[in-house]
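Please read the structure below before turning to the comments.
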Amino acid sequence: MPSNTRCLPEPTEAWQWTRPQILQWQLDQFNRQLDIILPANKFYAQKFAAAGIDVRERLTDLEQLKQWPLTTKAELSESSLATGISQHQTFEASQYSRLHRTSGTRGQPLMILDTADDWHWWADTWQHVLQAAGVNSQDRVFLAFSFGPFIGFWSAHQACEDRGAMVIPGGGLSTLARLEFMRASAATVVCSTPTYALHLAEVAQAENFPLGDLPVRCLIVAGESGGSVPEVRQRISQAWNADVIDHAGATEVGPWGFGWPDRCGLHIIETSFIAELLPIDSTASNSAETNPALSHDQTDDKIGELVLTSLGRFGAPVIRYRTGDIVRMSESSPQSDCYNFTWLPEGAMGRADDMVTIRGVNIFPSSIEKLVRSVESIGEYQVHVTRQGHLDQLSLMVEANGDDCVQLEKLLLLKTGLRIIVQPVTSGSLPRSEAKSKRWIDERN
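Residue 2 is where the sequence shown starts when you use the numbering used here, and the numbers rise one by one after that.
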């Protein structure tokens, strides 16, 4: 097992690399990874052998990787049936120092192991997020989540320590108690999901807590698409009088994306990941003129499922892993400090298995959230997916009055061309969570 894998370049250095430099780095790192994980990693050794891949030969061009088989979460889950732990591990169990578990919001939770070197890779990759957020040794970073078995912001804790910032764990506290703790500790940065950031603001308003008096200058949000939805970002930023930084990652993959305080979108951290776009099979028939808000969903060939290959997580590598996240790839974000990392202008738009096609229109969770949040007086909401005969249907439950529901129905019709029923419910009646919120309720099965 490698004794020292902390060889990632500093974010500010890597952000200035040209595309040829990035691609050469990825090629070298991928081949180095193969040297380390094979043949010990039986999961991938067997998978590649079955696909006719000669792993003794190394890649000379990243285009060759597209001929290798994809990896799915279903495969990892199937491999874990006997022990509960995914079998794509490279080393003996004694070589691992950490065990985390996926959130289980989609099926059985999956346990994944990391070595000490893997964990350093997590923290080093996270430095891109912290650099974009301007976190330094003067900051006090409040982690507004319970320290459970899923990875959440555990890696952020390590990354902030490595950066020299003070880390304030907020587990085991009520929402109001967390707000009081932020005030007592003079927190300057808060890490949470977008939903929980809004819920903290909601509780502050209800309890007459002076949220605006806190020295919080920045929120790093992850776990949901809201961090790159303009209406959600605006709500969070206005409530906290602070910047919002989007971030994306997954237990089985790693911390793969970071955003900026002045815009929506995510950069893929390409010193730690190779990114590909898997096209979506679309049955859409509506034209862009009919559905202007969703026109890119129908016509843009840069929209698809994000596929990632990790570079440097040798104990639990994923190669051509289908993340399930729907994204739109673009050229690098204009006028940013990072010119050539792949740019996702809308971040993670939603999950591939959440996308529904209603009368030929592809609908993503982020599309609905954008429209809901544009009606400022609406609180929490849920989307219910049902089926009548062979046709899928959408309906919404929102914490709002009848007039707001009528306004939202008109907006949905205008922007999607679909008549979607919006039902008002009592304020505070829909569930809140500090973790990923389950707003997309699929009742078709």
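Note that the Cβ used here is the ideal one computed from N, Cα and C, for glycine as well.
Every value quoted in this text rests on a predicted model; they were computed, and no experiment measured them.
Between which two residues does the alpha helix (DSSP H) harbouring Met167 extend? First-last for Met167: 167 to 170, but that is the beta strand (DSSP E), not the alpha helix (DSSP H).
Grouping DSSP H, G and I as helix and E and B as strand, with all else coil, what is Asp115? Shown here, Asp115 sits in a strand according to DSSP, grouped into three states.
Could you check which residue in Cys219, Pro21, Phe365, Arg234 has the C-alpha nearest to that of Leu199? Leu199 has its Cα closest to that of Arg234, out of Cys219, Pro21, Phe365, Arg234.
Alpha carbon to alpha carbon, what distance is there between Pro10 and Lys24? Note that residue 24 corresponds to Leu in the displayed sequence, not to Lys. Going by the C-alpha atoms only, they are around 14 angstroms apart.
Taking all protein chains shown into account, decide if Thr72 is buried (16 or more other Cβ within 10 angstroms of its Cβ) or exposed. Thr72 is buried by the Cβ-count criterion.
Would you check if there are 3 or more beta carbon pairs closer than 8 angstroms linking the stretch 231 to 249 to the stretch 85 to 103? These segments do not touch.
Through-space distance from Asp326 to Cys406, alpha-carbon basis: Here the C-alpha atom of Cys406 lies approximately 29 angstroms from the C-alpha atom of Asp326.
With a threshold of 16 other CB atoms inside 10 Å of the CB of Ala205, please say whether the residue is buried or exposed. When all chains shown are included, Ala205 counts as buried.
Completely contained beta strand (DSSP E) runs for the stretch 135 to 223, where each covers 3 or more residues: DSSP runs (the beta strand (DSSP E)) wholly in the stretch 135 to 223: 141 to 144, 167 to 170, 190 to 193, 219 to 222.
DSSP three-state assignment for Ala83, whether helix, strand or coil: Here Ala83 carries a coil assignment [DSSP, helix/strand/coil].
Can you have a look at Arg420 and say buried or exposed, based on whether 16 or more other CB atoms are within 10 angstroms of its CB? Classification of Arg420: exposed, given that the 10 Å Cβ count is below 16.
Smallest Cα separation from Asp354: which of Gly380, Asp404, Tyr340, Ile281? Of the candidates Gly380, Asp404, Tyr340, Ile281, the one whose C-alpha sits nearest the C-alpha of Asp354 is Ile281.
Would you kindly work out how many angstroms separate the C-alpha atoms of Gly313 and Gly403, rounded to a whole number? Straight through space, the alpha carbons of Gly403 and Gly313 are spaced by roughly 53 angstroms.
For Gly258, which of Glu377, Val308, Phe210 has the nearest alpha-carbon? That would be Val308, whose Cα lies nearest to the Cα of Gly258.
Output needed for Gln408: all residues of its chain with C-beta closer than 7 angstroms, excluding positions within five of it in sequence on either side, in chain order. Hits under 7 angstroms: Val376.
Check whether the Cβ atoms of Lys411 and Leu372 sit closer than 8 angstroms, and answer yes or no. No; because the gap between Cβ atoms is not below 8 angstroms, this pair is not in contact.
Distance, Cα to Cα, Glu290 vs Leu414? Bear in mind that a pLDDT of 28 at Glu290, under 50, signals an unreliable position, so the number given afterwards is only what the model happens to contain. So the two alpha carbons sit approximately 14 angstroms from each other.
Which residue from Val357, Val426, Gly305 puts its Cα closest to that of Gln394? Ranking Val357, Val426, Gly305 by CA distance to the CA of Gln394 puts Val357 first.
For Arg18, the three-state DSSP class (helix, strand or coil): According to the sequence shown, residue 18 is Trp rather than Arg. Coil, per DSSP.
Please classify Ala276 as buried or exposed, where buried requires at least 16 other C-beta atoms within 10 Å of its C-beta. By the neighbour-count rule (16 or more Cβ atoms within 10 Å), Ala276 is buried.
Have a look at Val191, Ser186, Gln139, Arg179 and flag the residue whose alpha-carbon is nearest the alpha-carbon of Phe154. The option with the nearest alpha carbon to Phe154 is Val191.
Please name the residue in Ala41, His158, Trp261, Gln30 whose C-alpha comes closest to that of His121. Out of Ala41, His158, Trp261, Gln30, His158 has the C-alpha closest to the C-alpha of His121.
For Asp125, does the three-state DSSP call read helix, strand or coil? Per DSSP, reduced to three states, the secondary structure at Asp125 is helical.
Is Thr284 buried or exposed, if buried means 16 or more other CB atoms sit within 10 Å of its CB? Low per-residue confidence applies at Thr284: pLDDT is 31, beneath 50, and the placement is therefore not dependable enough to give any value.
Assuming Pro231 is part of the alpha helix (DSSP H), what are its boundary residues? If you look at Pro231, you'll find it in the alpha helix (DSSP H) that goes 231 to 241.
Can you tell me whether Cys8 is buried or exposed? The criterion is at least 16 other CB atoms within 10 Å of its CB, across all chains shown. Exposed is the call here.
First and last residue of the uninterrupted alpha helix (DSSP H) at Ile369: From DSSP, the alpha helix (DSSP H) with Ile369 extends over 366 to 374.
Boundaries of the beta strand (DSSP E) in which Glu410 is found, first to last residue: That residue, Glu410, is in no beta strand (DSSP E); its alpha helix (DSSP H) goes 403 to 417.
Per DSSP, which one or two residues make a beta bridge with Gly255? DSSP output for Gly255 lists Ala251 as bridge partner(s).
Could you check what DSSP says for Val130 in three-state terms: helix, strand or coil? Val130: helix per DSSP, three-state reduction.
Which of helix, strand or coil DSSP assigns to Ala349: Ala349 falls in the coil class under three-state DSSP.
Taking one C-beta from the stretch 84 to 92 and one from the stretch 59 to 70 each time, how about it: are there three or more such pairs within less than 8 angstroms? The stretch 84 to 92 makes no contact with the stretch 59 to 70, as fewer than three CB pairs between them are under 8 angstroms.
Is the beta carbon of Gly418 less than 8 angstroms from the beta carbon of Val362? A contact, by the Cβ cut-off of 8 angstroms.
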